[in-house]
Amino acid sequence: MLARARRCLLPAIRVLSASVANRIAAGEVIERPAAAVKELVENALDAGARRISVALTEGGIAAIEVTDDGHGIGSDELTLAIARHATSKLEDDDLVRIATLGFRGEALPSIGAAARLSITSRSRAAPHASRIRVEGGQAFPVEPAAGGPGTRVLVTDFFFATPARRKFLKHPRTEAEHAEAAVRRLALAAPAVAFRLVSDGRTLFDLPTQDAAARSAALLGPEVAARLIPVAAERGLLRLSGFVAAATLTRATTAWQFLVVNHRPVADPVLQAGVRVAYRPVIADGRKPIVALHLTLPLEELDVNVHPAKTELRFRDPASVRALLIGALTHALGGSAATLPPPRLTLTPLRPSPSASAPGFAETSLPLAAPLAARRLEPASPDPAHPLGAGVAQVFGTYIIAVTAADELVLVDQHAAHERLTHEMLRAQHLEHGVRPQPLLLPAVVDLPEADAARIAALGPALEKLGLQLEPFGPGAVLVRALPALLGPAEPAPLIRDLAEEFAESGEGMALAERLDRVLARLSCHGSIRAGRRLSQSEMDALLRQMEATPRAGTCSHGRPTFLKLSRADLERLFGR
Ligand code: ADP
Ligand code: MG
């Protein structure tokens, strides 16, 4: 449609028949300035604009101005454009194949009823621009106006005609945030279109024509851009592409999830749930992933006429969409510590205090470090094939320091890293033939609250596959006969109490598979190298090599990073060199 609109004559606007109008998901569209901004920018995109500029005053309550260089509206069609159910975007009465963002013919009349609306437009063929004004639903005659090709829509005095609704508007700052979010979503969905957003005279962004990667990076910001993992996958006629942030970089809300279907930004439950499921094994509880994903599929696979704001869809085959999304994201996030972008340390260089740089200071009170260890902490030569480098030291009995061939300093949290490795090995065993149990020489009796003991007894057979052989032992105890061999000599009592807690927490509503995976996560914590344990050189190197080879090794089972990297350039920056 976009391409056709640019190539051919102006598409004619017509009023939909009553029967089609009745089949369109009806409802209030314009509940706040952001909704008007969204509809106006969608119209500009539908008109084939290459450049769209949005200016807000007081969050859009005082004024919204949207300017585009699209195909424009003929002066003889301006009156029709503001009529209810008048649209140029439905060629027949078929609501099945909808390629445009709009199709309901309701936005302009609704905005014209809520505020003062002025549309100035000039089609390429027209000798000059024309303007129409609507105020509180009252239209004025079309008049000649000044203006170049394209369309400029000005909306002022939001809800001036309905003071009761105006009361529900939030502070201009909040309304501006909503409007900005709406423009960002559309800008992400249409990277080939240049976008500018100005709010109360301040330019929030001014983006040239870009490819999808550059647009995502520009909108997500440099911190996120450095940690993006590309996603590309197909399934039948479905295509998924875009970027997701590594699991160690998360947000408190879903505001950083951009989901686009056939160029339309959506807030679709099927897609949102898919993102949640794919991230669950690698993200901290309660944190939200950052994603910018584009799904394209044939128009007939999709019904967009579900919700008045057109942000929810109905997929003809939601199971395929879900499988594609979860598969692609799991693959993207499943890289090992060797392939995922590492978390970056963001330290600010210390600024020397004026007294410290004063002459003479060093002589009186320079604190000398403890006698310097004479040992040279440099590996012979790190192997370029090892992205996590060679271990040079262990500090605080907790962290491994390694150096890579690319002159990077790597810090590894030995407990977090080993926990992930154990978790992945347990999971692999579980999926293959069940976790291998190691019988205890002496079965252990663990006392528990009765409810906990009963819950564990009920899960007995499923736990057997996890390498746990447990039996009820009276009302408030269980007998532990075997633990997973991988855990080595683990203490049964704290392990079983931890499991009881897990079962109490992840009770109702959680699928068994997920509950069992959480059990594996808990088990791996017990089998891991504790913080405080001293590691030999070869143990350090073995851990680093395993991290490089293990999927998801960049985060522990609770979503925290297992390692950090600092490049030579980072160090030089910190030292102000
Ligand atoms: P819809 O977008 O659902 O068709 P609208 O009320 O938003 O309904 O717009 C009505 C019609 O006005 C559109 O179908 C289109 O023909 C025309 N129109 C609106 N905005 C623009 C624009 N910026 N450029 C060109 N035509 C536009
Ligand atoms: Mg529209």
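Just so we're aligned: 527 in my numbering is position 529 of the sequence shown, and the numbers increase by one with no gaps anywhere.
No residue lacks a Cβ here, since even glycine has one placed at the ideal position from N, Cα and C.
- Judged by DSSP in its simplified three-state form, Gly432 adopts coil rather than helix or strand.
- At least one heavy atom of the ligand ADP sits closer than 7 Å to the Cβ of Gly100.
- The straight-line gap separating the alpha-carbon atoms of Asp155 and Ile59 is approximately 6 Å.
- When C-beta atoms of the region 157 to 168 are compared with those of the region 14 to 24, fewer than three pairs fall below 8 Å, so the two segments do not count as touching.
- Here the alpha carbon of Asp90 sits roughly 12 Å from the alpha carbon of Val13.
- One Cα belongs to Phe193, the other to Pro206, and the distance between them is close to 7 Å.
- In the DSSP assignment, His524 falls within the alpha helix (DSSP H) that extends over Leu510 to His524.
- Under the 10 Å beta carbon count, Met545 is surrounded by 16 or more other beta carbons and is classified as buried.
- The three-state reading of DSSP puts Arg479 in strand, counting E and B together.
- Taking 8 Å as the cut-off, the beta carbon of Ile324 is found no closer than this to the beta carbon of Val268.
- For Asn303, the shortest separation between its Cβ and any heavy atom of the ligand MG does not lie below 7 Å.
- The region 256 to 265 makes contact with the region 287 to 303; the number of CB pairs closer than 8 Å reaches 3 or more.
- When secondary structure is reduced to three states using DSSP, Lys563 falls in the strand class.
- Counting of Cβ neighbours within 10 angstroms places Asp539 among the buried residues, the total reaching 16 or more.
- Val401 is bridged by DSSP to Ala388 and Leu407.
- C-alpha of Ile50 to C-alpha of Leu152: approximately 14 Å in a straight line.
- Closest in alpha carbon position to Leu510, among Arg312, Gly458, Ala529 and Leu88, is Gly458.
- Of all C-beta pairs linking the region 234 to 254 to the region 80 to 90, fewer than three are shorter than 8 Å, placing the two stretches out of contact.
- His413 sits buried, since 16 or more C-beta atoms from the chains shown fall within 10 Å of its C-beta.
- Under DSSP, Asp301 takes part in a beta bridge, and its partners are Arg312.
- Note on geometry: alpha-carbon atoms of Ala224 and Leu533 lie some 32 Å from one another.
- For a cut-off of 8 Å, the C-beta gap from Ala400 to Val393 is around 12 Å, too long to register as a contact.
- In the three-state reduction of the DSSP assignment, Val393 falls in the strand class, which pools E and B.
- The Cβ atoms of Pro482 and Gly465 sit closer than 8 Å to each other.
- Taking a C-beta distance under 8 Å as the contact criterion, Leu43 and Val191 qualify as a contact pair.
- Under a 10 Å Cβ-count criterion, Leu106 is classified as buried, with 16 or more other Cβ atoms of the shown protein chains found around its own Cβ.
- Annotation for Leu186: Arg213, Ser214, Leu217, Phe256, Val258, Pro263 and Ala290 place their beta carbon closer than 8 Å to its own, counting only its chain and skipping 5 residues before and after.
- Gly57 has its alpha-carbon roughly 7 Å from the corresponding atom of Thr172.
- The beta carbon of Arg550 lies closer than 7 Å to those of Pro279, Val280, Leu331, Gly332, Arg418 and Glu422 in the same chain, with the five residues before and after it left out.
- Setting aside the 5 residues that flank it on each side, Thr420 is surrounded in the same chain by Leu484, Ser522, Gly525 and Ser526, each with a C-beta closer than 7 Å to its C-beta; the list follows chain order.
- The three-state reading of DSSP puts Ala190 in coil, since its state is none of H, G, I, E or B.
- For Leu493, the enclosing alpha helix (DSSP H) stretches over residues Pro490 to Glu503.
- A Cβ-Cβ separation of about 7 Å places Ala451 in contact with Pro470 under the 8 Å criterion.
- In summary, Pro437 is exposed, with fewer than 16 beta-carbon neighbours lying within 10 Å of its beta-carbon over all protein chains present.
- One alpha carbon belongs to Thr118, the other to Lys308, and they sit about 26 Å apart.
- In this structure, the straight-line span from the alpha carbon of Gln535 to that of Pro473 is close to 48 Å.
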